[in-house]
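Trainee: According to our numbering, the stretch in the sequence shown is residues 295 to 583, in order.
Positions of the beta carbon are idealized from the N, C-alpha and C atoms, including for glycine.
Remember, predicted model here, so these are calculated numbers, not experimental data.
Sending over a structure as structure tokens; questions will come in a sec.
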Amino acid sequence: MSPKPLRKVVIPVAGLGTRVLPATKSIPKELLPVVDRPLIDYVAEEARRAGLADLVLVTGRGKGAIEDYFDHAFELEEALKGKQKNEILNDVLATVPTAGTVTYTRQQAPLGLGHAVWCAREIVGDEPFAIALPDEISAGAPGLLSELAEAYAEVGGNIIAVEEVPNEETSKYGVISPKGRRGDLIEIDGMVEKPKPADAPSNFRIIGRYVLQPEIFELLETQERGAGGEIQLTDSMMTLTDRQPFHARICATGIHDCGSKLGWLKANVDMALKRDDVGPGLTDFLKSV
């Protein structure tokens, strides 16, 4: 039997962005630009390429600018039309999704990633869904969500994105406990949060892309608070590994972790170098430094 279609992606955007303060005091972290596009735009495009037509954004107080970004800016558009700056106008219009394909719900208290996902339960309903954390963006094609969608179509169930890291770095990440492997797909029976290298069950770290079944919502609702007094998504996923098929997909797409200042700067340089309009000039500048 084929798995249920994958149509929706939940994007939690209610975080405070503490790792990139003071910039995020007034600018939502998700609107920080990488070259000339905000982080959230890269994630939205990645979702569209993967065939996920419905975006569910879990917002919080002070994040209204994200909703404005995905809307028409009539004064700006009219000004660009009047000045016949059609190329720029087309770039601006490309950020506006088809009406009705973006839904917003609010996380009213900072109770963790698991709680943010739970806040989307009524919108997602009884169907599988993807999760994309906007801190991490795909560095190229085909995109992390496209790879997960391909794996989901093959095996169904629950799937998380992973990448291999040096053994000595496992203490920085959540890593998977493998059960069996077939090519880029790893069957897993658990996850461990930031294990010491000597205790790590693998060196495959979890990336901020997931495909989960709706049963995760019931687990999140009844789950006790975990690390930091928050409802941790990882805790509920660990419970789900005992009840349903769970796989990890080793993703070939490069990743930029933009949640830190250094990671955000690296992303800007890498993505700019790939652009024809700014890449050559940046290359010359870097050679001169």
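Determine the extent of the alpha helix (DSSP H) in which K555 is found, giving its start and end residues.
Mentor: That run of the alpha helix (DSSP H) goes K555 to L567.
Trainee: Can you list, in chain order, the stretches of the alpha helix (DSSP H) that have 4 or more residues and sit fully within the region 433-489?
Mentor: Segments of the alpha helix (DSSP H) lying fully in the region 433-489: 438-449.
Trainee: If we count Cβ pairs, one from each stretch, closer than 8 Å, do we get three or more for the region 337-356 versus the region 428-445?
Mentor: Yes, the region 337-356 is in contact with the region 428-445.
Trainee: How many Å lie between A546 and Y398 at the Cα?
Mentor: When rounded, the distance between both Cα atoms is 31 Å.
Trainee: What first and last residue would you give for the beta strand (DSSP E) that runs through D551?
Mentor: Note, D551: beta strand (DSSP E), I549 to D551.
Trainee: Thinking just about the alpha-carbon of each residue, which of K466, N461, L506 and Q402 is nearest to the one in E310?
Mentor: Residue identity differs from the one stated: residue 310 is Leu in this sequence, not Glu. Of the candidates K466, N461, L506 and Q402, the one whose C-alpha sits nearest the C-alpha of L310 is Q402.
Trainee: For D452, is the classification buried or exposed, using 16 other Cβ atoms within 10 angstroms of its Cβ as the cut-off for buried?
Mentor: It should be pointed out that residue 452 corresponds to Asn in this sequence rather than to Asp. Classification for N452: buried.
Trainee: How long is the line joining the alpha carbons of M531 and L387, rounded to whole angstroms?
Mentor: Taking the straight line joining both Cα atoms gives about 38 Å.
Trainee: Put V337 into one of helix, strand or coil per three-state DSSP.
Mentor: Helix at V337.
Trainee: Assess contact between the region 461-468 and the region 494-510, defined as three or more Cβ pairs (one per stretch) separated by less than 8 Å. Is contact present?
Mentor: Yes, the region 461-468 is in contact with the region 494-510.
Trainee: Taking DSSP as the reference, what is the three-state secondary structure of E524?
Mentor: Three-state result, E524: coil.
Trainee: So the candidates are D362, K555, A367 and T395; which of them puts its Cα closest to the Cα of A341?
Mentor: When only C-alpha atoms are compared, the closest one is T395.
Trainee: Is F540 helix, strand or coil by DSSP?
Mentor: The answer is strand: DSSP assigns F540 an E or B state.
Trainee: So, do the region 504-518 and the region 532-545 have three or more beta carbon pairs nearer to each other than 8 Å?
Mentor: Taking 8 Å as the limit for Cβ pairs, the verdict is that the region 532-545 does touch the region 504-518.
Trainee: Tell me which same chain residues have a C-beta within less than 6 Å of the C-beta of R400, skipping the five on either side of it?
Mentor: So the qualifying residues of the chain are T353.
Trainee: Quick check on the burial criterion: 16 or more other C-beta atoms within 10 angstroms. Buried or exposed for I360?
Mentor: By the 10 Å Cβ count, I360 comes out buried.
Trainee: Distance check for P491 and R543, CA to CA, integer angstroms please.
Mentor: In a straight line, the C-alpha of R543 is about 22 Å away from that of P491.
Trainee: Which first and last residues belong to the alpha helix (DSSP H) in which G376 is found?
Mentor: Looking at the DSSP string, the run of the alpha helix (DSSP H) that includes G376 is F368 to G376.
Trainee: Tell me the DSSP bridge mates of K302?
Mentor: Its beta-bridge partners are D348 and F423.
Trainee: According to DSSP, is T392 part of a helix, a strand, or is it coil?
Mentor: Three-state result, T392: coil.
Trainee: What residue range does the beta strand (DSSP E) around L325 cover?
Mentor: That residue, L325, is in no beta strand (DSSP E); it is neither H nor E in DSSP.
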